[in-house]
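Take a look at the structure below.
Protein chains: 2
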Amino acid sequence: MPIDPTAELEITAFEWVPRFAQGQVRDLRPRWACEEYGLPYKVRLVSAIERPEWYFQDQPWGQVPFVRDGEVGIFESGATLIHIAEKAGALPPVGSQERASVLSWLLAAFNSIEPFVMEFVNCAVFSRTEDWAPLRQPSLLETLHGRLSRLETALGDRAWLAGAFSIADIAMASILRALPDPAVLAAHAALAAYVERATTRPAFQRALAAQLAPFAEHDPSKQKEGA
Amino acid sequence: MPIDPTAELEITAFEWVPRFAQGQVRDLRPRWACEEYGLPYKVRLVSAIERPEWYFQDQPWGQVPFVRDGEVGIFESGATLIHIAEKAGALPPVGSQERASVLSWLLAAFNSIEPFVMEFVNCAVFSRTEDWAPLRQPSLLETLHGRLSRLETALGDRAWLAGAFSIADIAMASILRALPDPAVLAAHAALAAYVERATTRPAFQRALAAQLAPFAEHDPSKQKEGA
Chain A
0 MPIDPTAELE ITAFEWVPRF AQGQVRDLRP RWACEEYGLP YKVRLVSAIE RPEWYFQDQP
60 WGQVPFVRDG EVGIFESGAT LIHIAEKAGA LPPVGSQERA SVLSWLLAAF NSIEPFVMEF
120 VNCAVFSRTE DWAPLRQPSL LETLHGRLSR LETALGDRAW LAGAFSIADI AMASILRALP
180 DPAVLAAHAA LAAYVERATT RPAFQRALAA QLAPFAEHDP SKQKEGA
Chain B
0 MPIDPTAELE ITAFEWVPRF AQGQVRDLRP RWACEEYGLP YKVRLVSAIE RPEWYFQDQP
60 WGQVPFVRDG EVGIFESGAT LIHIAEKAGA LPPVGSQERA SVLSWLLAAF NSIEPFVMEF
120 VNCAVFSRTE DWAPLRQPSL LETLHGRLSR LETALGDRAW LAGAFSIADI AMASILRALP
180 DPAVLAAHAA LAAYVERATT RPAFQRALAA QLAPFAEHDP SKQKEGA
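Here is the structure:
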């Protein structure tokens with residue numbers, strides 16, 4: 000496992016999040032890339048509950064991940080994936096179709112799929128008791144299924160979106176596995192199989208275990224008992 | 000103006016769109032980048048109204064832009080911006096803070112700002128007669144204003160997001176100017192000034208004129224008269 004307190008690359012993650020978010024926080028994405036490429040990284044934990052104001056200078060929305068690589072700071076999980084792939088020499092050469100495909104699918108994950116997934120999570124989980132949420136859900140689901148059908152067609156019988164497994168798959172699989180209703184993905188069998196294929200990779204499993212590890216120690220209910 | 004029918008780089012755009020979309024279609028983004036970097040490009044027009052099914056093989060959602068550069072095809076406007084900047088030698092060196100900042104802000108535009116802007120456009124324009132739209136709008140506006148306040152703070156007194164003007168500014172300014180209600184941006188004076196600064200650049204003005212140019216010729220109401 001490439002977690003190494005002496006590593007140059009540092010990923011900022013949350014010390015604890017509520018159970019529904021555990022295993023879904025976005026530091027999972029650069030962790031997964033580091034595991035795939037064998038890049039050592041260390042971890043800095045910040046509080047998600049009392050988000051320190053100084054942290055907004057690293058990450059403008061106070062979210063994770065923020066990645067520091069020596070003197071260089073990077074935010075937005077998509078940008079951290081590009082940085083890590085470039086550092087590892089895992090991004091295909093400039094001007095190649097392979098690079099264009101990785102970047103096209105990476106941006107597709109972040110701009111053409113995740114916005115609908117996130118609004119669906121908002122409808123179905125965070126805002127489910129709001130008056131608008133049940134009214135919004137049918138048309139949103141229709142749009143989302145439309146996108147997923149096109150994605151399924153584009154994937155075809157290939158294992159991965161851009162030829163070899165890439166940061167585009169880290170992004171897309173991470174986004175698709177965040178769907179809170181298993182029926183949505185199950186309606187697109189090839190995509191369900193794609194997510195299964197991605198998340199059974201040992202690198203994903205190590206990254207997931209590494210995200211979950213600090214949560215028990217920093218569980219606020221347990222800390223109260225010890226206080 | 001770098002439009003050149005013999006250019007290697009080809010941008011696919013729509014031959015005509017309804018008036019509310021004119022000047023907002025996303026092929027404006029790679030056109031703007033080509034104008035900034037003096038890269039010649041040619042244009043391929045497709046119908047937005049009768050979207051040809053073959054076009055989905057180039058662009059999985061049937062949207063524009065799609066960019067072809069010789070043998071290489073790129074989709075998603077964010078990916079086309081990265082491709083064009085790399086082709087023009089306008090992306091800072093791998094491993095530099097400058098590159099990390101450009102990519103961080105580029106991804107921020109596409110994943111942390113545009114999803115809220117697009118859902119606001121959906122509420123306020125496309126779906127305004129749906130029962131959920133007026134109910135959703137207040138909380139969405141609150142989230143959007145929260146993001147814009149943080150963006151304003153992060154921009155500070157700098158002219159551009161990542162040091163020198165970059166593809167991150169092309170993306171962010173294009174997204175902010177799509178806000179249909181001028182009051183939203185006006186509440187963030189520094190961002191309104193930023194969009195003004197970006198869109199008065201001659202390269203933007205040329206790109207905008209080039210997007211608008213074919214619409215008169217392909218206006219379906221005028222074609223009917225001629226038929």
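Sequences listed follow chains A and B, in order. Numbering follows numbering that gives the first Met the number 0, in which position 221 of the first sequence is assigned residue number 220; successive positions increment by one, without gaps. Numbering follows numbering that gives the first Met the number 0, in which position 79 of the second sequence is assigned residue number 78; successive positions increment by one, without gaps. C-beta: ideal position from N, C-alpha, C; glycine also. This one's a predicted model, so the numbers in the text were calculated from it and none came from an experiment.
Inset, instruction - Determine the chain A residues that contact D130 of chain B at a beta-carbon separation under 8 Å, and present them in chain order. - result: L134
Legend entry - CB contact below 8 Å: W53 of chain A versus chain B: False, the Cβ-Cβ gap to chain B never drops below 8 Å.
Legend entry - Where L178 of chain A sits in the DSSP three-state scheme: coil
Legend entry - Local conformation of G72 of chain A per DSSP, three classes: Three-state DSSP puts G72 of chain A in a strand.
Legend entry - Cβ pair A84 of chain B, A163 of chain B closer than 8 Å: no
Inset, instruction - Please check if any C-beta of chain A sits within less than 8 Å of the C-beta of P179 of chain B. - result: Not an interface residue.
Inset, instruction - Rounded to whole angstroms, what's the CA-CA distance from I169 of chain A to L207 of chain A? Just pull it up for me. - result: 12 Å
Inset, instruction - Pick out whichever of B:P181, B:W60 and B:E49 has its Cα sitting closest to the Cα of I112 of chain A. - result: B:W60
Legend entry - Residues that DSSP places opposite T11 of chain A in a beta bridge: BP columns for T11 of chain A point to A:R43 and A:F65.
Inset, instruction - Could you tell me the distance, in whole angstroms, from the CA atom of E52 of chain A to the CA atom of I2 of chain A? - result: 27 Å
Inset, instruction - Leaving aside the five residues before and after R176 of chain B along the sequence, list all residues of the same chain whose C-beta is less than 7 Å from its C-beta, in chain order. - result: V194 and T198
Legend entry - Coarse secondary structure for P166 of chain A, derived from DSSP in three states: The sequence shown places Ile at residue 166 of chain A, not Pro. DSSP places I166 of chain A in helix when its eight states are reduced to three.
Inset, instruction - Tell me whether the beta-carbon of P114 of chain A lies closer than 8 Å to the beta-carbon of M117 of chain B. - result: yes
Inset, instruction - Taking C-beta pairs closer than 8 Å, name the residues in chain B that Q96 of chain A reaches, listed in chain order. - result: E70, V71 and G72
Inset, instruction - In angstroms with no decimal places, state the Cα-to-Cα distance between S227 of chain B and R157 of chain A. - result: Look at the range of chain B in this structure, 0 to 226, and you will see that residue 227 of chain B is not part of it.
Legend entry - Cross-chain neighbours of V93 of chain A in chain B, by beta carbon under 7 Å: E85
Legend entry - Beta-carbon proximity of L80 of chain A to L105 of chain A, cut-off 8 Å: yes
Inset, instruction - Could you say which of A:R98, A:L190, A:P29 and A:L178 lies nearest to A153 of chain A if we only look at CA atoms? - result: A:L190
Legend entry - Buried or exposed (CB count within 10 angstroms, at least 16 for buried), D68 of chain A: buried
Legend entry - Helix, strand or coil at G225 of chain A according to DSSP, with G and I counted as helix: At G225 of chain A the pLDDT is 48, less than 50, meaning the model places this residue with poor confidence; the figure from the coordinates comes in the next sentence. Correct three-state label for G225 of chain A: helix.
Legend entry - L38 of chain B classed as buried or exposed, judged by whether at least 16 other C-beta atoms fall within 10 angstroms: buried
Inset, instruction - For I83 of chain A, name the three-state secondary structure that DSSP assigns. - result: helix
Legend entry - Cβ-Cβ distance between R25 of chain B and Q58 of chain B below 8 Å: no
Legend entry - Unbroken alpha helix (DSSP H) run spanning H187 of chain B, endpoints: Careful: H187 of chain B lies outside any alpha helix (DSSP H) and carries neither H nor E.
Inset, instruction - Report the neighbours of R149 of chain A on chain B: residues whose CB is nearer than 9 Å to its CB, in chain order. - result: One finds F55, P59, W60 and G61 in chain B with Cβ atoms closer than 9 Å to the Cβ of R149 of chain A, taken in chain order.
Legend entry - Partner residues on chain A for R146 of chain B, Cβ-Cβ distance less than 8 Å: Below the 8 Å Cβ cutoff, chain A contributes W60 as neighbours of R146 of chain B, in chain order.
Inset, instruction - Note down the Cα distance separating E75 of chain B from F214 of chain A, rounded to an integer number of angstroms. - result: A direct Cα-to-Cα measurement between E75 of chain B and F214 of chain A gives close to 36 Å.
Inset, instruction - Could you list which residues in chain B have their beta carbon closer than 7 Å to that of G22 of chain A, in chain order? - result: Identification of chain B residues near G22 of chain A by a Cβ-Cβ cut-off of 7 Å yields none; the smallest Cβ-Cβ distance measures about 20 Å.
Inset, instruction - Indicate whether the contact test is met: 3 or more Cβ pairs, each with one atom in the stretch 128 to 143 of chain B and one in the stretch 91 to 107 of chain A, closer than 8 Å. - result: Judged by Cβ distances under 8 Å, the stretch 128 to 143 of chain B makes no contact with the stretch 91 to 107 of chain A, as fewer than three pairs qualify.
Legend entry - Buried/exposed call for A226 of chain A, threshold 16 Cβ in 10 Å: Confidence at A226 of chain A is low in this model, with a pLDDT of 45, below 50, so its placement is unreliable and the value that follows should be read with caution. The residue is exposed, with fewer than 16 neighbouring Cβ atoms inside 10 Å.
Legend entry - Of the listed residues B:G155, B:A78, B:R200 and B:E49, nearest to A188 of chain B (C-alpha basis): Here the closest residue by C-alpha is B:G155.
Inset, instruction - Since I believe S165 of chain A is in contact with V101 of chain A (beta carbons under 8 Å), could you give me their beta-carbon distance rounded to a whole number of angstroms? - result: 5 Å
Inset, instruction - Spatial neighbours of I48 of chain B within its chain, please: CB distance less than 8 Å, with the 5 preceding and 5 following residues excluded, ordered by chain position. - result: W15 and P219
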